[in-house]
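Novice: Input: one structure, supplied below.
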Ligand SMILES: C/C=C/C(=O)SCCNC(=O)CCNC(=O)[C@H](O)C(C)(C)COP(=O)(O)OP(=O)(O)OC[C@H]1O[C@@H](n2cnc3c(N)ncnc32)[C@H](O)[C@@H]1OP(=O)(O)O
């Protein structure tokens, strides 16, 4: 099982469990997380969610082999039908509080998804990056808006244009994470925070989350729609193909041939 999904003491825990591929996320993994979140939304016994990875890796982001397969020119299906979209919409619209615990690398959508969580805890070995441009792509799922709002334009540009990775302290400084923990304490701390949420009045948490997110709801939806227009086209463009091939051939991509 590449996603471990369990419900215990009112918490739905989703754990990336594909360490041999650095927890890279396949379509099937997105779908199983989307299904679990949608089921939790209807299940009154679930009062909080926890998303985590392994002590050495959160996730290497979207599986690049999956990207290559879904980048076939004859793939006319809309982006909305993709399991990644189902997952991100389920997460972004989840009415229950979501805790994330990040240790090791959180690449691409691994960082973007944090922008849609409520409490984000990072281990001192956490490393974040959004290297969409380096893959011939563009930001996705609201990161162009949310990261820029959080970090400020110039700092977000370093992350979104240059693809520069950043460590837990910088993530804390910019407001992407709530707290940094020693790696060995991260999971237990995040579970304890989730347990605190479970004990609180669910309706108060629901309304508080709704109010906190109200102002950004429409702008985030607009950003996601705009990003998707470009992302779908870029996924099938030669720049992205060169980037994916280069990754698997363990070489630097050569973008000089593209205008
Ligand atoms: C809509 C969503 C958008 C996005 O999420 S865009 C972001 C996509 N992700 C990436 O570009 C990250 C690619 N991966 C990496 O940069 C590195 O990995 C890490 C920094 C995460 C870790 O580096 P290291 O510790 O040196 O591990 P390793 O040797 O590169 O990887 C171990 C095995 O895992 C496979 N793997 C890693 N990431 C992915 C991936 N994203 N998709 C598919 N496979 C991946 C490799 O190929 C390799 O495999 P083998 O052992 O056979 O050589």
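Residue numbers (the numbering used here): 105 to 363.
From the three backbone atoms N, C-alpha and C, an ideal C-beta is built for every residue, glycine too.
Identify the continuous beta strand (DSSP E) that holds residue 206 and give its terminal residues.
Specialist: Taken as a continuous stretch (DSSP letters only), the beta strand (DSSP E) holding residue 206 covers 202-206.
Novice: So is the beta-carbon of residue 126 under 7 Å away from any non-hydrogen atom of ligand 1?
Specialist: Yes, ligand 1 has a heavy atom inside 7 Å of this Cβ.
Novice: Run through DSSP, which three-state label would residue 231 get?
Specialist: Strand, per DSSP.
Novice: Return yes when the Cβ of residue 149 is within less than 8 Å of the Cβ of residue 182, no when it is not.
Specialist: Cβ atoms of residue 182 and residue 149: not closer than 8 Å.
Novice: To which residues does DSSP link residue 284 through a beta bridge?
Specialist: Paired residue(s): 226.
Novice: So, for residue 337: in the same chain, excluding its five sequence neighbours on each side, which residues have a beta-carbon less than 7 Å away from its beta-carbon?
Specialist: So no residue of the chain qualifies.
Novice: For residue 237, does the three-state DSSP call read helix, strand or coil?
Specialist: DSSP places residue 237 in helix when its eight states are reduced to three.
Novice: Regarding residue 239 and ligand 1, is the C-beta to nearest heavy atom distance less than 7 Å?
Specialist: Yes - ligand 1 has a heavy atom lying nearer than 7 Å to the Cβ of residue 239.
Novice: If contacts are defined as beta-carbon pairs under 8 Å, then residue 52 and residue 138 qualify, I think. What distance do you get, rounded to the angstrom?
Specialist: Since the first residue shown for the chain is 105 and the last is 363, residue 52 is missing from the structure and cannot be characterised.
Novice: Mind checking whether residue 243 and residue 309 have CB atoms under 8 Å apart?
Specialist: Cβ atoms of residue 243 and residue 309: not closer than 8 Å.
Novice: Per DSSP, which one or two residues make a beta bridge with residue 209?
Specialist: Paired residues: 161 and 231.
Novice: For ligand 1, is there a heavy atom less than 7 Å away from the beta-carbon of residue 167?
Specialist: Residue 167: yes, Cβ under 7 Å from ligand 1.
Novice: According to DSSP, which residues form a beta bridge with residue 261?
Specialist: Paired residues: none, contrary to the question.
Novice: Can you give me the start and stop residues for the alpha helix (DSSP H) that residue 295 sits inside?
Specialist: Counting along the chain, the alpha helix (DSSP H) containing residue 295 begins and ends at 290-303.
Novice: My output table needs one value for residue 115: the three-state DSSP class, helix, strand or coil.
Specialist: Residue state, collapsed to three classes: strand.
Novice: If you draw a straight line from the alpha carbon of residue 388 to that of residue 133, how long is it in whole angstroms?
Specialist: Residue 388 lies beyond the range of the chain shown here (105 to 363); nothing can be said about it.
Novice: Can you check DSSP and say which residues form a bridge with residue 348?
Specialist: Bridge partners of residue 348: none, in fact.
Novice: Can you give me the Cβ contacts of residue 353 inside the same chain, cut-off strictly under 8 Å, excluding the 5 residues immediately before and after it?
Specialist: Correct list: empty, nothing qualifies.
Novice: Measure the beta-carbon distance from residue 162 to residue 120 and round it to whole angstroms, keeping in mind my assumption that it falls under 8 Å.
Specialist: At roughly 7 Å, the Cβ-Cβ gap stays under 8 Å, so residue 162 and residue 120 are in contact.
Novice: Using CA atoms only, rank isn't needed, just tell me which of 256, 233 and 206 is closest to residue 288.
Specialist: Nearest of 256, 233 and 206 to residue 288, Cα basis: 206.
Novice: In terms of alpha-carbon separation, which member of 239, 269 and 196 lies closest to residue 208?
Specialist: For the residues 239, 269 and 196, the minimum Cα distance to residue 208 belongs to 269.
Novice: Determine the DSSP secondary structure at residue 332, reduced to helix, strand or coil.
Specialist: Reduced to three states, the DSSP call for residue 332 is helix.
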